[in-house]
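Asks: For this note's numbering, add 849 to where a residue sits in the sequence shown, where the first one is 1.
Each residue gets a CB set at the ideal place from its N, CA and C atoms; glycine is no exception.
Bear in mind that the values here come from a model prediction, so they are computed numbers and not experimental data.
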Amino acid sequence: MEGCLDALQRLKETRETNTVILRGTPGGLVTEVEGNLTHDELLQALPVDEPRLVVHELSFASPEGMRRNERVLILWVPSAASEQDEAAYTPGYTSLAEFLADVHVHLTARRTDQLAYQRLVALAG
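1. With C-beta atoms as the reference, is P900 less than 7 Å away from V921?
2. Would you be able to state if there are at least three C-beta pairs under 8 Å between the segment 861-871 and the segment 892-909?
3. Within 8 Å, do at least three Cβ pairs link the segment 927-940 to the segment 879-899?
4. Helix or strand or just coil, what does DSSP make of S928?
5. With burial defined as no fewer than 16 other Cβ atoms inside 10 Å of the residue's Cβ, what is the status of E947: buried or exposed?
6. Considering L972, what are the terminal residues of the alpha helix (DSSP H) in which it resides?
7. Just to confirm, are E890 and A856 a CB contact at a threshold of 7 Å?
8. Note down, in chain order, each residue of its chain lying with its Cβ closer than 7 Å to the Cβ of A894, except the 5 sequence neighbours on either side.
9. One question on the structure: do G914 and T880 come within less than 7 Å of each other, judged by their Cβ atoms?
10. Once DSSP output is grouped into helix, strand and coil, what is the label at R872?
11. Which class does L813 belong to by DSSP, given the choice of helix, strand or coil?
12. On the premise that Y938 lies in contact with G873, defined as a C-beta separation below 8 Å, what is that separation, rounded to the nearest angstrom?
13. In whole angstroms, what is the alpha-carbon distance linking A965 and L854?
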């Protein structure tokens, strides 16, 4: 878990990282992806049959034209994942929500259309 916390800290502190994708293992969460991903790259990085936890820095323009960045916490549970898989990720999702107290957008997504850029902007804005 320590590596995950380091990745999340880099997400908070640097511009080089805007996305951290975490995978569950028998030993806990591990960082699967840490990088500066576009929205399309984020969607492509999500497996079609396994859950993941995602913290993503969403960049967008406010209605007033100001540049904004908001982090979102996503529990990715594709329809091909089992209920047991989802249950295994729920404690990690809860812990991340507590750890990332400044993240106000939390969502569970089962399809990529639920992560559409405009939908995320609407939730964050």
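Replies: In terms of the structure at hand:
1. In the sequence shown, the residue the question calls residue 900 occupies position 51. In the sequence shown, the residue the question calls residue 921 occupies position 72. When the beta-carbon positions are compared, P900 and V921 stay at least 7 Å from each other.
2. yes
3. The segment 879-899 is in contact with the segment 927-940.
4. The count along the sequence shown starts at 1 and reaches residue 928 at position 79. In the structure shown, S928 falls within a coil segment according to DSSP collapsed to helix, strand and coil.
5. Translated into the one-based positions of the sequence shown, residue 947 becomes position 98. Label assigned to E947: exposed.
6. One-based indexing of the sequence shown puts residue 972 at position 123. Unbroken alpha helix (DSSP H) run through L972: 966-973.
7. Taking the first residue of the sequence shown as 1, we reach residue 890 at position 41. Taking the first residue of the sequence shown as 1, we reach residue 856 at position 7. Not in contact: E890 and A856 (Cβ atoms no closer than 7 Å).
8. For the purposes of this step, residue 894 is taken as the residue at position 45 of the sequence shown. Correct list, in chain order: I870, V882, L886.
9. The residue labelled residue 914 in the question sits at position 65 within the sequence shown. The residue labelled residue 880 in the question sits at position 31 within the sequence shown. No, the Cβ-Cβ distance between G914 and T880 is not below 7 Å.
10. The residue given as residue 872 occupies position 23 in the sequence shown. Residue state, collapsed to three classes: strand.
11. For the chain, the structure presents residues 850 to 974; residue 813 sits outside this window and is missing.
12. The residue you call residue 873 lines up with position 24 of the sequence shown. The residue you call residue 938 lines up with position 89 of the sequence shown. Contact flag correct, Cβ pair sits at about 6 Å.
13. Within the sequence shown, the letter at position 116 stands for residue 965. Within the sequence shown, the letter at position 5 stands for residue 854. Rounded to the nearest angstrom, the two C-alpha atoms are 27 Å apart.
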